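Chemist:
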Amino acid sequence: QVQLQESGPGLVKPSETLSLTCAVSGYSITSGYSWAWIRQPPGKGLEWIGSIYHSGSTYHNPSLKSRVTMSVDTSKNQFSLRLTSVTAADTAVYYCARHPTVNPSFDLWGQGTLVTVSS
Amino acid sequence: QSALTQPPSASGSPGQSVTISCTGTSSDVGGYNFVTWYQQHPGKAPKLMIYEVSERPSGVPDRFSGSKSGNTASLTVSGLQAEDEADYYCSSYAGSNNYVFGTGTKVTVL
Numbered sequence: 001q002v003q004l005q006e007s008g009p010g011l012v013k014p015s016e017t018l019s020l021t022c023a024v025s026g027y028s029i030t031s032g033y034s035w036a037w038i039r040q041p042p043g044k045g046l047e048w049i050g051s052i053y054h055s056g057s058t059y060h061n062p063s064l065k066s067r068v069t070m071s072v073d074t075s076k077n078q079f080s081l082r083l084t085s086v087t088a089a090d091t092a093v094y095y096c097a098r099h100p101t102v103n104p105s106f107d108l109w110g111q112g113t114l115v116t117v118s119s
Numbered sequence: 120q121s122a123l124t125q126p127p128s129a130s131g132s133p134g135q136s137v138t139i140s141c142t143g144t145s146s147d148v149g150g151y152n153f154v155t156w157y158q159q160h161p162g163k164a165p166k167l168m169i170y171e172v173s174e175r176p177s178g179v180p181d182r183f184s185g186s187k188s189g190n191t192a193s194l195t196v197s198g199l200q201a202e203d204e205a206d207y208y209c210s211s212y213a214g215s216n217n218y219v220f221g222t223g224t225k226v227t228v229l
């Protein structure tokens, strides 16, 4: 059974960098799927942050400009998100998800982790 | 890219049907058959219910169906059950490897 689990600091100071990791179990991260990050501010809707494809290419929401970096660590079977220069507007539950690109969707999600940006 | 537009709420009695709309543009919903729908219960992660406009993943009841006409996609839940009460989000491929979500609809089972 494939499972995804997010981890990282629950509190980040304004202007600093948010770093999260998504551990994948039950499936090799190199076996063909792409992976994604999605967030949800408290009481609000979902926002696609970006995806890292099996090829290694990364794509992110244009609204986040160049603040997003994503990577894969095959030795640990996990992938990561870095979001720089955070503000209170980045406070959200962050989800990692499996992202089939043949049938584009987010078909398997982690439980989510709340990240609060506050001094 | 702007969020897709969904009605804030929808409701129906048990056994009835409810349909949720998802309106975008020709650059997203209207331009690709890559509309997906997600169900989210309070405090839980979203769950994929429909992909490629009308396809159901394994395990999703056939009470859930999707369709699209022009720039508007729709999700219909037939034979409403108490456990269908949740928030529903649409999403669409928006070109250039980008994705956009809808504003979300809260479905209430009366």
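In order, the protein sequence lines correspond to chains W and S. Using the working numbering, read the first sequence as starting at 1 and increasing by one per residue. Using the working numbering, read the second sequence as starting at 120 and increasing by one per residue. Ideal Cβ placement from N, Cα and C applies to all residues, glycine included. Quick caveat: nothing in here was measured; it's all calculated off a predicted structure.
1. Do W:L83 and W:L11 have their beta-carbon atoms positioned less than 8 Å apart in this structure?
2. If I'm right that S:Q125 touches S:S145 with Cβ under 8 Å, what's the distance once you round it to whole angstroms?
3. With distance defined between alpha-carbon atoms, name the residue in W:T21, W:K65, W:G112 nearest to S:G162.
4. Between S:G131 and W:P104, what straight-line distance do the alpha-carbon atoms span, to the nearest angstrom?
5. Is the Cβ of S:Y212 closer than 8 Å to any Cβ of chain W?
6. In its own chain, which residues sit with a C-beta less than 6 Å from the C-beta of S:Y170, not counting the 5 before and 5 after it?
7. In terms of residue numbering, what span does the beta strand (DSSP E) encompassing S:L167 cover?
8. Between the region 86-97 of chain W and the region 29-45 of chain W, do at least 3 Cβ pairs fall closer than 8 Å?
9. How is W:A23 classed by DSSP in three states: helix, strand or coil?
10. Taking 8 Å as the limit between beta carbons, can you name the residues of its chain near S:S186, skipping five residues before and five after?
11. For S:V219 and chain W, any beta-carbon pair shorter than 8 Å?
12. Do you know whose CA, among W:W35, W:K44, W:G56, W:S15, lies nearest W:G50's CA?
13. Return the residue from the list S:L199, S:G198, S:F153, S:Y208 that minimises the CA-CA distance to S:S188.
14. For S:H160, count neighbouring Cβ atoms within 10 angstroms of its own Cβ and tell me buried if that reaches 16, exposed if not.
15. Between S:E171 and chain W, is the shortest Cβ-Cβ distance under 8 Å, so that the two count as touching?
16. Name the DSSP beta bridge partners of S:K225, please?
17. Taking a contact to mean a Cβ-Cβ separation below 8 Å, would you say W:D80 touches W:S15 in this structure?
18. Using the three-state DSSP reduction, which class does S:A122 fall into: helix, strand or coil?
19. Tell me where the beta strand (DSSP E) around W:D73 begins and ends.
20. Chain W partners of S:F153, CB-CB under 9 Å?
21. Check this for me: beta carbons of W:H54 and W:G26, under 8 Å apart or not?
22. What separation, rounded to the nearest whole angstrom, lies between the Cα atoms of W:S119 and W:P9?
Modeler: In this structure, then:
1. For the 8 Å CB-CB criterion, W:L11 and W:L83 do not form a contact.
2. Incorrect: roughly 18 Å between the Cβ atoms, too far for contact.
3. Cα-wise, what sits closest to S:G162 is W:G112.
4. In this structure, the straight-line span from the alpha carbon of S:G131 to that of W:P104 is close to 30 Å.
5. For S:Y212, the closest Cβ of chain W is nearer than 8 Å.
6. Within the same chain, Cβ atoms closer than 6 Å to the Cβ of S:Y170 are found at T155, the five residues on either side in sequence being excluded.
7. 166-169 is the extent of the beta strand (DSSP E) around S:L167.
8. Inter-segment contact for the region 86-97 of chain W and the region 29-45 of chain W is present: three or more beta-carbon pairs are separated by less than 8 Å.
9. DSSP places W:A23 in strand when its eight states are reduced to three.
10. Taken in chain order, the residues that qualify are V172, S173, A192, S193, T195.
11. So yes, S:V219 belongs to the interface.
12. Measuring from the Cα of W:G50, the nearest candidate turns out to be W:W35.
13. Selection S:L199, S:G198, S:F153, S:Y208 evaluated against S:S188 yields S:F153 as nearest (Cα-Cα).
14. Under this definition S:H160 is an exposed residue.
15. At least one beta carbon of chain W lies nearer than 8 Å to the beta carbon of S:E171.
16. Bridge partners of S:K225: S:S128, S:D206.
17. Before going further, note that residue 80 of chain W is Ser rather than Asp in the sequence given. Going by C-beta atoms, W:S80 is not nearer than 8 Å to W:S15.
18. In this structure, DSSP gives S:A122 a state outside helix and strand, which the three-state scheme calls coil.
19. Per DSSP, W:D73 belongs to the beta strand (DSSP E) from 68-73.
20. In chain order: N103, P104, S105.
21. Not closer than 8 Å, so no.
22. Roughly 14 Å between the two C-alpha positions.
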